[in-house]
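Accompanying notes for the structure given below.
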Amino acid sequence: MPLFWRIFALNAVVLVAATALLLWAPVTVSVPVVFTEAVVLLGGLVVMLVANAVLLQVGLAPLERLSRRMATVDLLRPGQRLPIAGQGGVSHLIRAFNDMLARLEAERAASSTRALSAQEAERRRIAQELHDEVGQSLTAVLLELIRGAERADDPDLRADLRHAQETTRESLDEVRRMARRLRPGVLDDLGLVSALTALATEMSIHTGLAIHHSFQPGLPALDEQTELVIYRVAQEALTNVARHADATRVEIILRHDEGVVALRIRDDGRGLGVSQEGAGIRGMRERALLVGATIDLGAAPAGGAEVNLLVPLQRNGA
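Here it is in structure tokens:
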């Protein structure tokens, strides 16, 4: 039933009931109206208004549900749909809204794929330039400083050159770390488990966090994009822990079971609290959507925060 006729029918029910009550009820109206008759009329009016409000509330409930969903929908959490009942105007509106959500999710997934692919290509290019151009230049400077220190006769000059050597060596190491963060070569060469192990070791050394990892052996073969998504989610989660969690211990678990590969990162920090999701967390959600994965963030059982990434293996042909 269209919305117009539904509202009309609800009001008609109230009016018909009121008319029938006036026709068959032993109630009359005097001129002028006496007090008892006014009380009866006002009571009937209140009953009509309450009945009309209740019936309209029932009739417009689907629109209220649609309004709430429109206000809270998040395209990074796909699959949020309203149930469709009947074939009326409201049902058509809800069906159109669900179809619109499906199109928006598909378009966002496609645009995110293009954006993240371009981002990874740019990261690969910058990492290559850092390694080949900046790294080689710093290496050449370091060699010149070493030769200069060996030939220098002045002890003060030799000490200054050796200090410059240490500064240049530290800069070279930092450039190499930046290149690895931008594009982990170990992921391409040795696979996901080795890349996660290297990531945990490097983060532990440079942040002081005690990072414990447990990787289940026999991990199924994953495509390049899926491995990169898992690695980037782990990298972003560990970065968030180091920056914001005030934690001392982090646990990384990678396992596979019942058609999924699961990554869990748990810390003993101060938890997520009531803060809004930042760009890092939303970036993790966008990456998870690229491979049809789901990601949940919540409180860890013993305090702190926990990130769970579930990647379905069906996409990878397993």
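Okay, so the sequence shown: first residue is 1 according to the UniProt record's numbering, each after it adds one. Glycine included, each C-beta is placed from N, C-alpha and C at the ideal position. In this text, all values refer to a predicted model and were calculated from it rather than measured experimentally.
Measure how close the beta-carbons of alanine 127 and arginine 183 come, nearest whole angstrom, since I'm counting them as under 8 Å.
That pair is a contact at about 4 Å.
Valine 47 versus alanine 12: straight-line alpha-carbon distance, rounded
15 Å
When DSSP labels each residue in this structure, what does proline 312 get in the three-state scheme?
strand
Between the C-alpha atoms of asparagine 316 and valine 229, what's the straight-line distance to the nearest angstrom?
Any reading at asparagine 316 needs caution, since the residue's pLDDT is 45, under 50, leaving its predicted position unreliable; the model's value is listed next. Pairing asparagine 316 with valine 229, the inter-Cα distance amounts to about 13 Å.
Rounded separation between alanine 318 and glutamine 57 - CA only
Because alanine 318 carries a pLDDT of 41, less than 50, the predicted location of this residue cannot be relied on, and no value is offered for it.
When burial is assigned at 16 or more other CB atoms within 10 Å of the CB, is threonine 248 buried or exposed?
exposed
Could you round the C-beta distance between isoleucine 211 and isoleucine 252 to whole angstroms and report it? I think they count as a contact, below 8 Å.
Between isoleucine 252 and isoleucine 211 the Cβ distance is about 7 Å, and since that is below 8 Å, they are a contact.
Below 9 Å between beta carbons: does that hold for glutamate 306 and arginine 270?
No; because the gap between Cβ atoms is not below 9 Å, this pair is not in contact.
Glycine 298 - containing beta strand (DSSP E), residue span:
Residues 294–299.
Take every Cβ of the segment 234–241, pair it with every Cβ of the segment 212–223, and state whether three or more of those distances are shorter than 8 Å.
no
Tell me the DSSP secondary structure of alanine 210 in three-state form.
strand
Rounding to the nearest angstrom, what Cα-Cα distance links glutamine 225 and proline 83 in this structure?
34 Å
Beta bridge counterpart(s) of aspartate 257 as assigned by DSSP:
Val260
Mind the definition here: the segment 192–199 touches the segment 136–155 only if three or more C-beta pairs lie below 8 Å; say whether that holds.
no
Taking all protein chains shown into account, decide if phenylalanine 8 is buried (16 or more other Cβ within 10 angstroms of its Cβ) or exposed.
exposed
Measure the alpha-carbon distance for alanine 71 versus valine 311 and round it to whole angstroms.
Those two C-alpha atoms are separated by around 29 Å.
Please state whether DSSP places residue 319 in a helix, a strand or coil.
No information on residue 319 is available, as it lies outside the stretch 1 to 318 that the chain covers here.
Buried versus exposed, by CB contacts within 10 Å (16 or more), methionine 100
exposed
Inter-residue CB distance, serine 112 and glutamate 286 (contact presumed, cutoff 8 Å):
Correct: roughly 5 Å between the Cβ atoms.
According to DSSP, is glycine 317 helix, strand or coil?
Low confidence applies here, because glycine 317 scores a pLDDT of 44, under 50, leaving its location unreliable; read the following figure in that light. Secondary structure at glycine 317: coil, using DSSP grouped into helix, strand and coil.
Using a Cβ-Cβ cut-off of 8 Å (strictly less than) and excluding sequence neighbours within five positions of residue 325, which residues of its own chain qualify?
What is shown of the chain runs 1 to 318, which leaves residue 325 out entirely.
Let me make sure I understand the geometry here. Which of Arg180, Ala51, Ala299 has the alpha-carbon closest to that of alanine 245?
Per the Cα distances, Ala299.
Beta-carbon within less than 7 Å of methionine 178's beta-carbon, same chain only, minus the 5 sequence neighbours each way: which residues are those?
Leu130
Contact set for leucine 55: own chain, Cβ-Cβ below 6 Å, skip 5 residues either direction:
Leu10
Using the Cα positions of alanine 110 and phenylalanine 97, report the straight-line distance between them to the nearest angstrom.
20 Å
Would you please state the rounded distance, in angstroms, between the beta carbons of glutamine 216 and leucine 254? I believe it to be under 8 Å.
6 Å
Can you list, in chain order, the residues of its chain whose CB lies under 6 Å from that of arginine 123, leaving out five sequence neighbours each side?
Leu182, Arg183
Rounded to whole angstroms, what's the CA-CA distance from glutamate 64 to glycine 208? Just pull it up for me.
51 Å
Leucine 172 lies in the alpha helix (DSSP H); which residues open and close that run?
For leucine 172, the enclosing alpha helix (DSSP H) has its first and last residue at 155–182.
Out of curiosity, what's the CA-to-CA distance linking threonine 19 and leucine 93?
34 Å
Nearest to alanine 17 (by Cα), restricted to the options Val39, Pro32, Leu49, Thr36
Leu49
Taking its Cβ as the centre, do 16 or more other Cβ atoms sit within 10 Å of arginine 232, making it buried, or is it exposed?
buried
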